[in-house]
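Only one structure is covered here, and it is reproduced in the block below.
2 protein chains.
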Amino acid sequence: MKAFLVYWHPEPQSFNHAMFVTAQATLTRLGAEVKTSDLYAMAFDPVSSRKNFRTVRDPAFLKLQTEEIYASEHQGFATDLDEEMAKLEWCDLMIWQFPLWWFGLPATMKGWVDRVFAMGRIYGGRRMYEGGAFRGKRALLSLTTGGPAQAYVKHGFHGDIHTILKPIQHGMLQFVGFDVLAPQVVYGPVRMSDAQRQAELDRFAQRLGRLDQETPLAWETY
Amino acid sequence: MKAFLVYWHPEPQSFNHAMFVTAQATLTRLGAEVKTSDLYAMAFDPVSSRKNFRTVRDPAFLKLQTEEIYASEHQGFATDLDEEMAKLEWCDLMIWQFPLWWFGLPATMKGWVDRVFAMGRIYGGRRMYEGGAFRGKRALLSLTTGGPAQAYVKHGFHGDIHTILKPIQHGMLQFVGFDVLAPQVVYGPVRMSDAQRQAELDRFAQRLGRLDQETPLAWETY
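Protein sequences, first through last, are from chains V and B.
FYI, the working numbering numbers position 6 of the first sequence as 6, with every residue one higher than the one before it.
Add 222 to a position in the second sequence, counting from 1, and you land on the number used in the working numbering.
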């Protein structure tokens, strides 16, 4: 297995970091090759602009998708993006580890998607959804929430976690063709004891050892 | 009326920029006071870290919400965030102008929310949703899409635009108490003629002149 772990959190002592380290160690122990992108440590820049590219298709008017297609055809992506795209293309399992902020990805991880999921090389033409470039690869969201589990159900205080995650699971991952596994959600680790947090790390490690037995989520529609 | 326009796009010749300028000019002509945040021009940094704060509650472990509460009580937010919070508190109408990217906000605008919507000063305790700090204020999303209108309906190619926008309209704006008006959506301006784009700008300007007659969207639940 070739696993690619993408992670963002600004505090290396965070529970999110512990989940990231657990995934890295567990998958390595299971014999997988593991590549990582620790986006905060890398100081990954989330802001799209001309710095996404080494090539220029139209110097007078920045149309990002036009430049992405041109860069795809002329090996014109900036080195930092090229490296991320190469890991994305290399892996057969991708895990995103992040804290759920404002019902979505933290800005840096959203910017990683904005910049790395480039038209031409990563999707476009008929290469999307069921025809996506990454069919056959699997992806898994591993996230923490601020609120408790009972807040994240239909008509709960924040609402159904699966509806909240749909723009990510469907609009990003399934869009480029990934089979999406059920999310690994740890609700409110900030209010847990150390023993409870350790139990969550163990639960994640155990699951990672049995991923091959899992069936992906049904293809979502809106 | 006190209107606050938050806008992000990396190309000043973009249609999004024209929508932003149209809103600014129209509201000014109608007698509103207008404040703006052109986040790309401001080089607004979307990445949360200790630089959000001038104060330090716990130097050994960065818990952002803990630091936010402490900064709220000790005037400890970084100057760039303090200025954005002041505009947010000042306005009675807020408009966000952005291109819909990957079913959500572009990274910089997401990071503006991550950093500016701070626990303590902006929400927290019982101050959220129906009890949100900004009850009585109105907000409106004004966005462009890549795909055509027929792709953004239930069971369409991308799915219902209202479901796609729910994490933003409900999870961010209603969360802090805003009444949310119907979104202003321009579908696929990249494929429009100049005359069609001008018609969209005129449609937006006309709507802005009649906003007082609009009823906010029903409070959403998940």
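Ideal Cβ positions, reconstructed from N, Cα and C, are used throughout, including at glycine.
Contact belief for residue i with residue j at Cβ below 8 Å, rounded distance in angstroms
{"i": "B:Arg432", "j": "B:Leu403", "result": "Actually they do not touch by this definition, with Cβ atoms about 11 Å apart."}
{"i": "B:Val375", "j": "B:Trp318", "result": "With a Cβ gap of about 23 Å, B:Val375 and B:Trp318 do not count as contacting."}
{"i": "B:Phe237", "j": "B:Pro411", "result": "4 Å"}
{"i": "V:Leu88", "j": "V:Val116", "result": "7 Å"}
{"i": "B:Asp336", "j": "V:Ala107", "result": "5 Å"}
{"i": "B:Met331", "j": "B:Trp441", "result": "Not confirmed; about 23 Å, so no contact."}
{"i": "V:Phe53", "j": "V:Met128", "result": "Going by Cβ atoms, the distance from V:Phe53 to V:Met128 rounds to 22 Å, so no, they are not a contact pair."}
{"i": "B:Asp291", "j": "B:Gly346", "result": "Reading off the sequence, residue 291 of chain B comes out as Ile, not Asp. Sure, about 7 Å apart at Cβ, within 8 Å."}
{"i": "B:Cys313", "j": "B:Ala225", "result": "6 Å"}
{"i": "B:Met394", "j": "B:Leu315", "result": "At roughly 16 Å, the Cβ-Cβ gap does not stay under 8 Å, so B:Met394 and B:Leu315 are not in contact."}
{"i": "B:Leu284", "j": "V:Glu11", "result": "4 Å"}
{"i": "V:Leu201", "j": "V:Ala43", "result": "Their Cβ separation, rounded to whole angstroms, is 27 Å, which puts V:Leu201 and V:Ala43 out of contact at 8 Å."}
{"i": "B:Thr367", "j": "B:Leu430", "result": "With 8 Å as the limit, B:Thr367 and B:Leu430 do not qualify as a contact, their Cβ atoms being about 20 Å apart."}
{"i": "B:Ala355", "j": "B:Phe299", "result": "Contact flag wrong, Cβ pair sits at about 15 Å."}
{"i": "V:Pro46", "j": "V:Trp112", "result": "6 Å"}
{"i": "B:Val407", "j": "B:Ile383", "result": "6 Å"}
Partners in chain V for residue i, counting only beta-carbon separations shorter than 9 Å
{"i": "B:Pro232", "result": "Val47, Ser48, Ser49, Arg50, Leu62, Leu64"}
{"i": "B:Gly333", "result": "Pro46, Val47, Pro106, Ala107, Thr108, Lys110, Gly111"}
Under 8 Å from the C-beta of residue i: neighbouring residues of chain B
{"i": "V:Met172", "result": "Trp324, Phe325"}
Beta-ladder partner(s) of residue i, from DSSP
{"i": "V:Leu33", "result": "This sequence places Glu at residue 33 of chain V; Leu is not what is there. BP columns for V:Glu33 point to V:Lys2."}
{"i": "B:Arg453", "result": "Absent from the model: residue 453 of chain B. The displayed extent of chain B is 223 to 444, so no value can be given."}
{"i": "V:Gly131", "result": "Answer by DSSP bridge pairing: none, since V:Gly131 is not bridged."}
{"i": "B:Gly326", "result": "B:Trp323"}
{"i": "V:Thr144", "result": "V:Pro99, V:Val186"}
{"i": "B:Gly346", "result": "B:Arg349"}
{"i": "B:Tyr229", "result": "B:Asp260, B:Gln319"}
{"i": "V:Met119", "result": "V:Tyr123"}
{"i": "V:Phe77", "result": "V:Phe53"}
Amino acids of chain V, ordered along the chain, whose beta-carbon sits closer than 8 Å to that of residue i
{"i": "B:Phe339", "result": "Trp102"}
{"i": "B:Met336", "result": "Note on residue identity: the sequence assigns Asp, not Met, to residue 336 of chain B. Going along chain V in sequence order, the residues near B:Asp336 (Cβ under 8 Å) are Trp101, Trp102, Pro106, Ala107."}
Under 7 Å by beta carbon: chain B residues contacting residue i
{"i": "V:Pro167", "result": "Phe325, Gly326, Ile386, Pro389"}
Partners in chain B for residue i, counting only beta-carbon separations shorter than 9 Å
{"i": "V:Gln13", "result": "Ala282, Phe283, Leu284"}
Minimum Cβ-Cβ distance from residue i to chain C less than 8 Å
{"i": "B:Pro389", "result": "Among the chains of the structure shown, chain C does not appear; the protein chains present are V and B."}
Extract the residue ranges of the beta strand (DSSP E) inside the stretch 236-297 of chain B, only unbroken runs of 3 or more that lie entirely within it. 255-260
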